[in-house]
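Notes follow once the structure below has been shown.
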Amino acid sequence: MSPGPQGSGDGGGPVAAPAPGMFNKDRIGEGGDARLAALVQTLDVQAEQPAVVRLRAWSLAALDPRPGETAVDVGSGTGSEVLRLAELVGQSGRAIGVEPNPGLRGVAQERAASAGATTASFVEGEAAALPLDDGSVDVLRCERVLQHLDDPQAAVDDFARVLRPGGRVAILDSDWGTVVTHPGDPQLLRRYAESNWSRMANPFSGRHLANQLRSAGLDVDPDIGSSALIMPPLAVVNGGLLRANAEAAVADGHLTREEVEGLVAEVTAAAEAGTAFISVTMFAVVARKPA
598 MSPGPQGSGD GGGPVAAPAP GMFNKDRIGE GGDARLAALV QTLDVQAEQP
648 AVVRLRAWSL AALDPRPGET AVDVGSGTGS EVLRLAELVG QSGRAIGVEP
698 NPGLRGVAQE RAASAGATTA SFVEGEAAAL PLDDGSVDVL RCERVLQHLD
748 DPQAAVDDFA RVLRPGGRVA ILDSDWGTVV THPGDPQLLR RYAESNWSRM
798 ANPFSGRHLA NQLRSAGLDV DPDIGSSALI MPPLAVVNGG LLRANAEAAV
848 ADGHLTREEV EGLVAEVTAA AEAGTAFISV TMFAVVARKP A
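In this text, residue positions in the sequence shown follow my numbering: the first is 598, and each later residue adds one.
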């Protein structure tokens with residue numbers, strides 16, 4: 598899972614966050630060891646969120662990776678899901694993580710070596726130009742990447758290209774049209790959200806997944822998974838995400854300075870009191886390449 602060319606993360610908007618947050622992984626990965634360490638910590642925190650755990654388990658069961666198969670995770674980040682795939686395909690199979698960030702690839706390789714996952718490998722690549730042969734993949738997953746792409750259909754088309762006949766794909770992504778923030782005036786929060794959406798490449802990704810897979814010539818399973826990612830309010834506030842997005846909303850004219858100060862104060866007070874509620878819904882769609 599990774600943003601930018603292959604990105605991962607959900608939070609309050611397009612500004613970097615220490616909890617599940619919307620950010621460009623490739624940009625955050627630049628700047629040395631300290632920034633890479635912060636990114637790895639962010640991805641590890643994301644992996645522990647109940648909503649992420651549930652949707653990953655649901656989609657993995659639907660994909661049903663089998664011994665001897667080739668399984669791919671597009672935007673593999675720290676490699677946690679590649680290790681899961683490696684366990685399921687066994688010594689006779691292959692588990693490949695496609696990841697553009699060299700720092701994260703290094704972390705993933707170290708973790709795979711520590712886990713003794715000899716069938717796990719990590720390669721550089723982009724979601725819309727996978728370094729894989731046509732019809733070479735049995736199972737492919739891609740988590741919270743398409744929301745960061747200007748042309749998500751190009752990525753889905755490439756997923757279909759590399760799948761074998763009968764191959765399975767699962768795409769997990771967020772739809773920021775479902776974001777809920779409480780407390781706050783509904784109209785003001787709407788303008789705050791619209792400001793965030795304007796800085797995102799594909800903010801409503803979740804609702805388009807099924808049709809994008811159909812457009813790529815794949816058969817979509819009728820059961821679509823969903824899970825509401827509930828953001829830890831204090832992490833969003835203390836990490837500066839709320840303030841950063843609010844400042845950006847002032848800069849682009851969606852909010853006034855007075856509105857920003859009031860919103861930040863209200864949400865911060867609620868977070869400290871344990872009464873704030875911030876969420877976004879993730880969706881998972883599974884499809885198969887006609888045999």
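Each residue gets a CB set at the ideal place from its N, CA and C atoms; glycine is no exception. What you are looking at is a predicted structure, and each value in this text was computed from that prediction instead of being measured.
When the alpha-carbon of LEU729 is set against those of GLU740, ARG796, ALA841, GLY694, the nearest one is in GLY694.
The DSSP assignment places complete beta strand (DSSP E) segments of no fewer than 3 residues inside the segment 777-837 at 822-827, in order along the chain.
Per DSSP, the continuous beta strand (DSSP E) segment holding GLY694 begins and ends at 691-695.
Cα atoms of PRO762 and ALA888: separation of roughly 4 Å, rounded to the nearest angstrom. Counting along the chain, LEU682 sits inside the alpha helix (DSSP H) bounded by residues 677-686.
ARG663 sits in coil when the DSSP states are folded into three classes, being neither helix nor strand. The three-state reading of DSSP puts PRO699 in helix, counting H, G and I together. Burial check for PRO783: the Cβ neighbour count within 10 Å stays below 16, so the residue is exposed.
Between GLU678 and PRO697, the CB-CB gap reaches or exceeds 8 Å. The beta carbon of SER656 sits closer than 8 Å to those of ARG738, ALA767, LEU769, GLY822, ALA881, VAL883, all from its chain and outside the five residues before and after it, given in chain order.
One thing to note: THR872 has its Cβ no nearer than 8 Å to the Cβ of ALA825. Judged by DSSP in its simplified three-state form, GLU740 adopts strand.
Under the criterion of beta carbons closer than 8 Å, ARG788 and HIS851 qualify as touching, at roughly 5 Å. Taking C-alpha positions only, ALA752 is separated from ALA654 by approximately 23 Å. Setting aside the 5 residues that flank it on each side, GLN744 is surrounded in the same chain by ASP770, SER771, ASN799, SER802, each with a C-beta closer than 6 Å to its C-beta; the list follows chain order. Within the same chain, Cβ atoms closer than 6 Å to the Cβ of PHE756 are found at LEU737, VAL766, the five residues on either side in sequence being excluded.
LEU769 carries a strand assignment under DSSP once its states are collapsed to helix, strand and coil. Going by C-alpha positions, ARG632 is about 26 Å away from ARG681. Between ALA841 and SER792, the CB-CB gap reaches or exceeds 8 Å.
Annotated as proximal: GLU863 and GLY781, with beta-carbon spacing under 8 Å. DSSP links LEU760 through a beta bridge to VAL734. Assigned with DSSP and collapsed to three states, GLY859 falls in helix.
If you draw a 10 Å sphere on the C-beta of GLY690, you find 16 or more other C-beta atoms in it, and that means buried.
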